[in-house]
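Read top to bottom, the protein sequences are chains A and B. For the first sequence, our numbering assigns the number 2 to the initial residue and increments by one for each residue that follows. For the second sequence, our numbering assigns the number 154 to the initial residue and increments by one for each residue that follows. Using N, Cα and C, we set each Cβ at its ideal position, and we do this for glycine too. Please read these numbers as outputs of a predicted model, since none were measured by experiment. Beneath this line is the structure, given in structure tokens, with notes to follow.
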Amino acid sequence: MTAQAQGRRVAPLMWRVARLVERRIETPTAQTLVLDVPGWPGHLPGQHVDLRLTAEDGYQAARSYSLAGPADGERIEVTVQRVNDGEVSPYLTDTYAEGDPLEVRGPVGGWFVWRTDGTAPVLLVGGGSGVVPLMAMIRARRAAGSRTPFRLVYSVRTPDDVIYADELRRRARDDQGLDVAYVYTRSAPEGWRGEPHRIGLADVNSHGWPPDLEPLCYVCGPTGFVETVADLLVGLGHPTRRVRTERFGPTG
Amino acid sequence: MGIVSPGFQGRPRSSASDLPPGQYLTEDFPVLSAGPTPRVPLDTWEFVLTGETGAEYRWSWDEMMGLPQDTPTVDLHCVTRWSKFGTTWQGVSLDTLLDGVDTDARYALAHSYGGYTTNLPLDDLRGGRAWVVHTYDGGPLPAEHGGPARLLVPHLYLWKSAKWVHGIRLLVEDRPGFWETAGYHDYGDPWREQRYQGD
């Protein structure tokens with residue numbers, strides 16, 4: 002055993018029993034679950050957890066979910082997008098009830114995170130439920146009293162699909178140094194200027210930061226979305242190491 | 154057995170399961186990576202094998218294509234819990250690339266265009282279990298899946314199969330790579346569910 006291997010030995014991430022304490026309806030298909038997790042060690046905004054469900058016969062299914070809020074004692078929040086033919090998400094949105102247990106393991110991930118002592122401007126680009134870990138960063142920024150300039154570009158299909166809609170409206174008004182811009186891909190709200198479109202160069206260029214300000218860019222969403230936005234950012238001159246991505250596969 | 158979540162039933166149980174624990178089957182080919190997709194032109198592409206003494210072995214794209222080619226059909230297991238069965242690839246076995254390389258190293262650190270790294274024991278690159286692949290499902294490997302060429306080590310979780318592979322360093326001592334430094338397992342055996350450090 003080398004010294005290095007010994008130095009890196011860490012305790013296994015343990016499964017902890019969590020119970021539902023609150024449910025918030027975010028959109029017709031997305032809900033936020035607030036869980037109480039005794040012994041939760043804390044986490045950084047952008048990290049995720051594994052949730053595990055066990056059936057009566059011992060069968061188990063686990064999925065990863067981004068944490069939606071900053072560290073808050075033994076409370077954690079995840080926002081679940083219901084996937085119609087999914088194995089886990091319909092249970093969580095339709096059946097899982099207050100007080101019911103499930104198991105949680107984490108936090109996981111040390112790259113797609115924002116630290117509240119960071120001072121570089123931050124660009125967040127989210128597609129659909131990809132906004133969840135970005136919202137954790139926005140909430141952490143406010144909770145820490147950070148003045149780091151933040152810009153969020155949020156791509157959704159329709160206005161009804163905006164997760165955290167009221168809170169984002171409030172924060173865009175009250176959180177100094179936070180700008181929020183939307184891109185609608187299918188239908189835009191009344192009075193919106195421009196046509197619905199997929200996110201493109203003009204959106205990233207006009208709502209993002211110029212590369213010479215050396216921003217940190219976080220991009221999260223479905224694969225095609227992340228590929229497009231990351232390519233645009235690199236094309237605009239952002240160094241690849243300043244562009245951090247998280248892609249959502251099928252998670253059901 | 155874990156704590157039962159009331160009312161959870163899950164999918165119909167499949168009896169003959171080739172799935173490692175905690176995995177589910179997908180027909181898609183999801184993408185997972187930490188940053189933008191590098192674009193590597195073939196005329197400057199190279200693969201570099203670096204021995205623990207610093208000796209280097211280099212192959213250009215044409216030289217790599219000129220080596221004996223394998224066409225493995227393998228199952229993929231991603232740590233994000235999807236598995237995909239029966240994927241077909243074409244590429245060069247690491248046995249071929251390591252043939253004639255004199256080394257006392259026990260570990261390897263794969264490194265990629267774009268800066269990604271991942272570590273694995275050198276033995277796991279031998280014995281017909283690892284390839285540098287450039288063709289997926291009969292066509293050129295798309296950039297988002299690691300093209301022009303990626304490592305393929307299907308008996309370990311897929312993050313060990315470094316996309317956009319540029320080379321491999323042979324090391325006397327293990328050195329954690331990108332995800333391993335961020336808390337993922339140094340070995341990553343899907344059948345023993347070695348997802349995170351300490352598993």
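Under the three-state reduction of DSSP, which class applies to residue 294 of chain B: helix, strand or coil?
-> coil
Any beta-carbon of chain A closer than 8 Å to the one on residue 205 of chain B?
-> no
Drop a sphere of 10 angstroms on the beta-carbon of residue 6 of chain A, count the other beta-carbons inside from all chains shown, and report buried for 16 or more, exposed for fewer.
-> In this prediction, residue 6 of chain A has a pLDDT of 39, which is less than 50 and means its spatial position is unreliable; what the coordinates show is noted afterwards. Exposed, since its Cβ has fewer than 16 Cβ neighbours within 10 Å.
Go ahead and pull the three-state DSSP assignment for residue 338 of chain B.
-> coil
So which residues of chain B does residue 59 of chain A contact, with C-beta pairs closer than 9 Å?
-> 154, 155 and 157
Cutoff 8 Å: residue 210 of chain A Cβ touching any chain B Cβ | no
Measure the alpha-carbon distance for residue 328 of chain B versus residue 272 of chain B and round it to whole angstroms.
-> 6 Å
Answer with yes or no whether the minimum CB distance from residue 215 of chain A to chain B is below 8 Å.
-> no
Under three-state DSSP, which class holds residue 255 of chain B?
-> coil
According to DSSP, what are the bridge partners of residue 128 of chain A?
-> A:156
Looking at the C-beta of residue 265 of chain A, does it have a partner C-beta in chain B at a distance below 8 Å?
-> Summary: the structure shown does not reach residue 265 of chain A, with chain A confined to residues 2 through 253, and so no result is reported for it.
Considering only C-alpha positions, which residue in the set B:187, B:156, B:172 and B:163 is nearest to residue 227 of chain A?
-> B:187
Exposed unless 16 or more other CB atoms sit within 10 angstroms - verdict on residue 26 of chain A | exposed
Own chain, CB closer than 7 Å to residue 241 of chain A, minus 5 neighbours either side, in chain order | 235
N-terminal and C-terminal residue of the beta strand (DSSP E) that residue 200 of chain B is part of = 199-203
Does the pairing of the region 204-220 of chain B with the region 154-166 of chain B give three or more beta-carbon distances under 8 Å?
-> no
Does the beta carbon of residue 233 of chain B come closer than 8 Å to any beta carbon on chain A?
-> yes
Taking the alpha carbon of residue 63 of chain A as the point to measure from, which residue in A:39, A:231 and A:93 has its own alpha carbon closest?
-> A:93
State buried or exposed for residue 96 of chain A, treating a residue as buried only when at least 16 other CB atoms are found within 10 Å of its CB.
-> exposed
In this structure, does DSSP put residue 172 of chain B in helix, strand or coil?
-> coil
Considering only residues of the same chain and omitting the five flanking positions on each side of residue 325 of chain B, which have a CB-CB separation below 6 Å?
-> 205 and 258
Give every residue of the same chain whose Cβ lies closer than 7 Å to the Cβ of residue 195 of chain B, excluding the five residues on either side of it in the sequence, and list them in chain order.
-> 214 and 301
If the cut is a Cβ gap below 8 Å, which residues of chain B does residue 54 of chain A touch?
-> 158, 161 and 163
According to the neighbour-count rule (16 or more other Cβ atoms, all chains shown, within 10 Å of its Cβ), is residue 1 of chain A buried or exposed?
-> Here chain A comprises residues numbered 2 to 253, so residue 1 of chain A is not present and cannot be evaluated.
In the DSSP assignment, find the unbroken alpha helix (DSSP H) run with residue 199 of chain A in it and report its ends.
-> Careful: residue 199 of chain A lies outside any alpha helix (DSSP H) and carries neither H nor E.
Opposite residue 219 of chain A in the DSSP bridges: which residues?
-> A:125 and A:245
Please name the residues in the region 262-279 of chain B whose beta-carbon is closer than 9 Å to at least one beta-carbon of chain A, in chain order.
-> 267 and 268
For residue 213 of chain B, which residues does DSSP report across the bridge?
-> B:199
Provide the residue span of the beta strand (DSSP E) that contains residue 30 of chain A, from first to last.
-> Element bounds for residue 30 of chain A: n/a, residue is neither H nor E.
Nonlocal neighbours in the same chain, by C-beta distance under 7 Å from residue 69 of chain A, ignoring five residues either side = 33, 78, 79, 80, 133, 136 and 137
Say whether chain A places a C-beta atom closer than 8 Å to the C-beta of residue 297 of chain B.
-> yes
Please report the Cβ distance between residue 185 of chain A and residue 197 of chain A, rounded to the nearest whole angstrom; I am assuming they are in contact, meaning their Cβ atoms lie under 8 Å.
-> 5 Å
By the 10 Å Cβ neighbour count, where 16 or more other Cβ atoms means buried, how is residue 217 of chain B classified, buried or exposed?
-> buried
Going by the beta-carbon positions, is the gap between residue 125 of chain A and residue 152 of chain A smaller than 8 Å?
-> yes
Tell me, please, whether the CB atom of residue 101 of chain A is closer than 8 Å to any CB atom in chain B?
-> yes
Buried or exposed by the 16-neighbour rule on C-beta atoms within 10 Å, applied to residue 293 of chain B = exposed
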